[in-house]
Amino acid sequence: MHKLLLGGSLLFLLAACQPPQLRTERLPDPYRTWQVAGGDQGATRYSALTQLNQDNVAQLEVAWTYRTGDAREKNRSTIECNPIVVEGVLYATSPRLKVVALDAATGQERWRFDPFGGKDDPEWASIKGANRGVTYWQEGDERRILFTAGPTLFALDAATGQLVESFGKGGKVDLREGLDRDTAHVDVWASSPGGVYQNLYILGPSVNDHSIDRVPGHVRAYDVRTGTIAWTFHTIPQPGEPGYETWPPDAWQQVGGVNAWSGLTLDPETGIVYLATGSPAADFYGADRRGNNLYGNSVLALNASDGSYVWHYQVVHHDLWDRDLPCPPMLIDVEKDGNPIAAVAQLTKQGFVFVLDRATGQPLWQVEERPVPPSRMPGEWASATQPYPTHPEPFVRQGFADSLVTDLSPEAHAAVAKRLEKLRYGHLFLPADTQATVVFPGLVGGSNWSGGAYDPETGWLYVNANEVPYLLQLVPEERPDATLDYRFTGHNRFLDPEGYPAVKPPWGTLNAIDLKSGKIVWKVPLGEFETLTQRGVPPTGTLNLGGSLVTAGGLVFIGSTMDERFRAFDKQTGKVLWEAKLPAGGYAAPATYEVNGRQYVVIAAGGGGNPQTPSGDAYVAFALPE
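The UniProt record's numbering numbers the first residue of the sequence shown as 1 and each following residue consecutively.
Okay, structure coming up:
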């Protein structure tokens with residue numbers, strides 16, 4: 001066992017052992033391209049390519065850089081897109097939601113599509129402009145790219161970038177239609193790409209959790225050819241539907257949210273689509289939604305062909321903490337009692353991993369319902385218990401304590417300790433209150449939309465995580481047209497006087513979790529602050545968003561950090577084998593692919609976003625020297 005001292009605390013690196021080998025008969029065929037955002041339909045972000053490996057990764061160099069030319073000033077735009085590569089063409093999106101097709105070997109632009117038709121994009125594009133990928137569909141000689149910008153779903157000809165006129169109205173479908181609300185008051189978009197099953201495009205929307213006009217998160221399937229809605233699943237059940245009894249009678253007409261904004265996965269062998277849902281709206285005060293609120297905060301399995309219910313598993317009851325399931329359920333094979341099992345792995349903002357049987361939704365290991373604190377808010381109903389998985393172990397610290405107060409300096413420690421005297425803190429599930437409450441891990445996790453990467457060779461799951469506390473407070477609602485008595489004061493990080501997190505490091509980590517044993521095999525800080533390094537502080541890790549990929553070449557690639565670095569780690573030990581400075585923060589998952597016998601790894605460098613570093617407009621591809 002190796003131990004690394006970090007800022008007065010122990011950061012443990014359990015990397016003395018070699019990873020186990022799983023039985024190989026269930027491993028997928030070598031995956032040599034990246035045709036789906038997330039690497040495959042199960043979002044494993046695994047590649048069987050081995051040209052880049054532990055022996056030569058230090059030789060990586062920039063193969064090409066493509067600049068979109070449309071970044072916003074300062075930190076007001078980002079790129080969160082995980083590009084896809086099909087037949088040597090890379091498809092991606094820009095800060096202002098343009099779609100580009102590039103030669104994947106050279107970065108040369110083949111075509112570009114502007115969803116705003118050359119006009120100035122509306123202001124919402126800087127607020128709701130996150131796009132985490134596009135979707136490819138092919139039947140015979142017909143090939144399409146499907147993507148969203150604002151409240152519109154577009155279908156493009158993959159060869160030319162032209163709108164497919166036969167889809168919807170001139171190549172467009174309005175996502176505001178079919179949500180059982182007045183379209184004039186519907187605020188909806190989609191940050192994550194949908195999935196294709198046969199000739200259906202299945203999509204979960206993003207909605208505004210804090211608007212007065214709350215919008216439901218219906219999951220819908222569209223006919224890829226025509227754009228018509230083929231089926232709809234109500235994530236807030238309507239009368240006569242299972243789960244309706246977990247809400248007040250009229251909730252389906254009044255409450256919003258429960259939307260699968262983080263994406264979905266598909267099992268083509270069984271025809272089942274798996275979705276991860278968010279919290280009901282409003283996020284932090286639920287007096288008008290008494291009950292456990294199905295299918296909020298749930299892994300949800302549906303028949304992809306008709307949208308019929310298969311199973312669900314709820315990981316937070318009556319959410320009062322914005323603990324959306326932040327990333328798609330990963331479809332993996334795990335070993336239990338010597339047998340491989342088709343499973344679903346769901347990462348959470350709390351730092352848990354729920355591992356469920358893919359066919360039934362039952363946990364593979366025990367999940368305990370543990371007592372949690374009640375709410376003190378008038379009219380609120382809080383669940384008396386919350387689910388705690390016992391396997392694997394949590395990958396972040398949970399619940400703020402005096403022992404976790406920053407030790408970055410005596411002055412920082414004293415200032416944070418003084419402030420704590422007026423705050424509520426302690427339990428992982430301490431509900432929001434009119435007294436400011438410390439939420440730890442914070443509102444960005446734990447895990448977030450970054451998700452994880454799963455190695456089927458070893459059964460190890462790689463997760464980048466945040467350990468940044470937030471402050472949550474409710475105040476009386478003063479808007480005359482509001483439907484609730486209280487609102488929250490915003491997403492406020494709990495920081496020391498210098499602007500660093502108020503908790504002891506690490507603030508950001510990369511973790512390797514052995515799902516068979518349930519143990520964290522290694523944990524390393526992810527990212528560093530140059531100003532602290534110059535003061536002699538060991539790497540602390542930073543807020544990180546973007547995600548990783550893992551390869552058969554023994555590597556984990558990840559950007560995600562505020563220091564704007566792109567790194568390759570030894571997947572067995574967590575040692576950094578290579579790193580490069582990007583033009584801006586790499587707040588997106590990388591992709592790897594092979595063209596003409598040469599392996600590339602590419603990442604968007606768009607900066608901005610939640611970390612609020614300077615914005616950029618680049619895609620950078622790396623490869624070995626020719």
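Note that CB positions come from ideal geometry on N, CA and C, so glycine has one too. Computed from a predicted model, the values in this text were never measured in an experiment.
In the structure shown, S298 falls within a strand segment according to DSSP collapsed to helix, strand and coil. Minimum Cα-Cα distance from S305 among the listed residues V334, A251, V219 corresponds to V219.
The shortest CA-to-CA distance from R290 to any of E411, L179, Y244, D407 is the one to Y244. Here the segment 527-535 makes no contact with the segment 421-432; the two share fewer than three CB pairs at distances below 8 Å. Beta-bridge partners assigned by DSSP to H312: L300. Closest in C-alpha terms to H391, from the list L347, V405, D267, comes L347. In this structure S262 is buried. Its beta-carbon is surrounded by 16 or more other beta-carbon atoms within 10 angstroms.
By the Cβ test, the segment 247-266 is in contact with the segment 276-285, since at least three Cβ pairs between them sit closer than 8 Å. For K418, the uninterrupted alpha helix (DSSP H) segment begins and ends at 410-420. In the DSSP annotation of this structure, the continuous segment of the alpha helix (DSSP H) that includes W252 starts and ends at 251-254. Y285 is not a Cβ neighbour of Y425, given a cutoff of 7 Å.
Counting every other CB atom within 10 Å of its CB across the protein chains shown gives R370 a total below 16, marking it as exposed.
Per DSSP, the unbroken alpha helix (DSSP H) holding L532 starts and ends at 530-534. Within its own chain, the residues whose Cβ lies closer than 8 Å to the Cβ of Y587, once the five positions on either side in sequence are excluded, are T78, I79, E80, L545, G546, G559, S560, A604, G606, G607, G608, G609, N610, P611, listed in chain order. Per the C-alpha coordinates, the member of L420, W449, K516 positioned closest to P469 is L420. Per DSSP, the unbroken beta strand (DSSP E) holding T65 starts and ends at 61-67. Residue nearest to Y197 within the set V344, F622, V36, L102 is V36 (criterion: CA-CA distance). Annotation: the segment 546-584 contains the following complete segments of the beta strand (DSSP E) (minimum length 3 residues), in chain order: 548-551, 555-558, 565-570, 576-581. Counting only runs of 4 or more residues that sit fully inside the segment 329-394, no alpha helix (DSSP H) segment turns up.
Our two residues, V372 and A482, have alpha carbons roughly 29 Å apart in a direct line. CA-to-CA, the gap between L471 and V521 works out to about 31 Å. Scanning G499, T437, E457 for the CA closest to the CA of T489 turns up T437.
W449: not part of any beta strand (DSSP E); DSSP gives it neither H nor E. For Q51, the CB contacts under 6 Å within the same chain, skipping 5 residues up- and downstream, are Q599 in chain order. Nearest to V439 by C-alpha distance, out of V576, K349, D357, P151, is K349.
Annotated three-state conformation of S403 is helix, per DSSP. Judged by beta-carbon spacing, A343 lies within the 7 Å limit of R358, meaning their Cβ atoms are closer than that value. Taking all protein chains shown into account, D267 has 16 or more neighbouring C-beta atoms within 10 Å of its C-beta and is therefore buried.
For the pair Y66 and L97, the CB atoms are not nearer than the 7 Å cut-off.
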